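> In full-length UniProt numbering, the protein residues as written are 1 to 231. Don't be surprised by glycine CBs; every beta carbon is placed ideally from N, CA and C. Note that the coordinates shown come from a computational prediction; the quantities given were computed from them, not determined experimentally. One structure, pasted below without further comment.
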């Protein structure tokens, strides 16, 4: 019988040669997309990016995730209006911003450490640490993010600096970009255009909008806006 034959036993693979190999394993280095049998990489993940693994709910990278991917160029060509919308998101909330907030993908990749990408995530990701990318949208970011074009997250806490725009559903900390959008924000927004439906903090920019008022240069909101009853 060939040694290549295998049989699944519990959570392992039993080869005819008698060697048992764990199905869910940890690596110190892995190419990405990560193998469907690897649950975590404690070191370096290098490749073109990550895809949803239907066998392991959430794969982890503890260390450095390095991606060389053309995803940013693809987004700019296919969805060329998205950077423009994020550029003025601080004035009005565009339809694409709603799309990223309202239907987040389940988290299938988590990076604890540093994410360095020539492109960026497009949903389904969580990062705790430092994110350096071109164009990124993820479920959750905790730490510091630097994006050449745009950054978006359902939940964000820390500091986010983007060339064009920041967008998040729930934000805590500091947003710095040409245009900042946060539906619920606790902290500071700094940019030309700032918009928060429910702000607890300060806004500094050319035009600032929150649930209480719209003002140029400096705006603030520390309490929930009182809705006026109709007579």
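The alpha helix (DSSP H) spanning residue 82 covers which residue range?
Against the chain shown, residue 82 aligns to sequence position 82. Residues 81 to 87.
> Comparing C-alpha positions only, which one of 193, 192 and 218 sits nearest to residue 201?
Looking up residue 201 in the chain shown gives position 201. Ranking 193, 192 and 218 by Cα distance to residue 201 puts 218 first.
> Is the number of C-beta pairs between the region 80 to 89 and the region 163 to 183 that are closer than 8 Å three or more?
yes
> Going by DSSP in three states, residue 132 sits in which element: helix, strand or coil?
Your numbering for residue 132 matches position 132 in the chain shown. Looking at residue 132 - three-state DSSP - the assignment turns out to be strand.
> Could you name the residues of the same chain whose beta carbon sits closer than 6 Å to that of residue 116, not counting the 5 residues immediately before and after it, in chain order?
Residue 116 sits at position 116 when you count from the first residue of the chain shown. For residue 116, where only same-chain residues beyond five positions count, the Cβ hits under 6 Å are 66 and 132.
> May I have the straight-line CA-CA distance separating residue 140 from residue 152, to the nearest angstrom?
Indexing the chain shown from 1 puts residue 140 at position 140. Indexing the chain shown from 1 puts residue 152 at position 152. Computed Cα separation, rounded: 9 Å.
> Who pairs with residue 197 in a beta bridge, going by DSSP?
Numbered from its first residue, the chain shown carries residue 197 at position 197. Answer is none; residue 197 lacks a bridge partner.
> Got a sec? Which residues, its chain only, sit under 7 Å from residue 53 by beta carbon, not counting five neighbours each side?
Residue numbering aside, residue 53 sits at position 53 when the chain shown is read from its first letter. Result list for residue 53: 36, 59 and 108, in chain order.
> Helix, strand or coil for residue 56? Go by DSSP, reduced to three states.
The count along the chain shown starts at 1 and reaches residue 56 at position 56. Reduced to three states, the DSSP call for residue 56 is coil.
> For residue 50, which residues in the same chain have their Cβ closer than 6 Å to its Cβ, ignoring the five residues on either side in sequence?
In the chain shown, counting from the first residue as 1, residue 50 sits at position 50. Closer than 6 Å at the Cβ level, and outside the excluded window around residue 50, lie 32, 33 and 109.
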